[in-house]
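Asks:
There are 2 protein chains.
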Amino acid sequence: MIAKTPKTPYYAVIFTSKMTDFNKDYDKTANRMVELAKNQKGFLGIESARNDLGITVSYWESLESIKSWKNESEHKLAQQKGKETWYASFKVRICKVERDYEF
Amino acid sequence: MIAKTPKTPYYAVIFTSKMTDFNKDYDKTANRMVELAKNQKGFLGIESARNDLGITVSYWESLESIKSWKNESEHKLAQQKGKETWYASFKVRICKVERDYEF
């Protein structure tokens, strides 16, 4: 489940969120978005965990591939629903992964 | 709990991990490392979540501050203990946060 990403550099989107108490349909949509993302051009991998705070990190080949994913039509509807219903607050950080190592 | 980070650019360390079943003393050490990190020069914030996978993202002013934290003596002991005992595998990614936005 640790994403197998290529040699650096590549890009990461860190999505950190706090949910509201109204999470009907959330899991279904979240799973659907992961499936959609995996089929996007430039997608490299995704990692996700949630306790009180949720953190999802997706990895991408380029800033262009991140932009295309942000503007994907079904994803845009999910983003709107997220703001209206599921998320109390969130933060998105677009990053260039400069170096990595593993154990 | 979403980290209040300054204007971009700044740096992020994404630490993704899978644990072994032997987690004695882990929480105590993990909490101690967060306290230590908060007192490091250049520390900006930290976010953490764990299910099957654990994701901790720490934010830093510069690559130099990340390097200093990596080499902090008590932290180095904890890293060693992590490899010997707590982590089945992990990946560390050093990133430059180029852009962010929030809701």
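These protein sequences, in sequence, are chains A and B. Sequence positions in the first sequence follow this note's numbering and run 175 to 277. Sequence positions in the second sequence follow this note's numbering and run 175 to 277. For glycine and all other residues, C-beta sits at the position ideal for the given N, C-alpha and C.
1. Tell me the DSSP secondary structure of A:GLU235 in three-state form.
2. Quick check on the burial criterion: 16 or more other C-beta atoms within 10 angstroms. Buried or exposed for A:THR230?
3. For B:ILE220, which beta-bridge partners are listed by DSSP?
4. Is there a Cβ from chain B that is less than 8 Å from the Cβ of A:TYR261?
5. I need the boundaries of the alpha helix (DSSP H) containing B:MET207, first residue and last residue.
6. Hey, B:SER236 and B:TYR185: beta-carbon distance below 8 Å or not?
7. List, in order along the chain, the chain B residues whose C-beta lies closer than 7 Å to that of A:TYR200?
8. For B:MET175, which residues in chain A fall below 9 Å Cβ to Cβ?
9. What three-state label does DSSP hand A:THR259 in the structure shown?
10. Counting only beta-carbon separations shorter than 8 Å, does A:VAL266 have a partner in chain B?
11. So, under 8 Å CB-CB, A:ILE176 and B:LEU227 are touching, yes? Tell me the CB distance rounded to an integer number of Å.
12. Listed in chain order, which residues of the region 202-215 of chain A have Cβ atoms closer than 7 Å to some Cβ of chain B?
13. Confirm, please, whether the CB-CB distance from B:ILE268 to B:ILE302 is below 8 Å.
14. Kindly indicate if chain A contains any beta-carbon less than 8 Å away from that of B:ASP274.
15. Check each residue of the region 244-260 of chain A: if its Cβ is closer than 7 Å to any Cβ of chain B, include it; give the result in chain order.
16. Mind the definition here: the region 254-261 of chain A touches the region 188-206 of chain A only if three or more C-beta pairs lie below 8 Å; say whether that holds.
17. So does B:LYS215 have its beta carbon nearer than 7 Å to some heavy atom of the ligand GTP?
18. With burial defined as no fewer than 16 other Cβ atoms inside 10 Å of the residue's Cβ, what is the status of A:PHE358: buried or exposed?
19. Is A:LEU210 closer than 8 Å to A:HIS249 when the C-beta atoms are compared?
Replies: Let me lay it out:
1. coil
2. buried
3. B:SER232
4. yes
5. 200-212
6. yes
7. Residues of chain B passing the Cβ test: none, with the nearest at roughly 15 Å.
8. THR190, LYS192, ASP226 and LEU227
9. helix
10. yes
11. 7 Å
12. none
13. Residue 302 of chain B falls outside the range modelled here, since chain B spans only 175 to 277, and no answer is possible.
14. yes
15. LYS257
16. yes
17. Here there are no bound small molecules, and the ligand GTP is not part of this structure.
18. Because chain A in this structure spans residues 175 to 277, residue 358 of chain A falls outside the shown range and cannot be described.
19. yes
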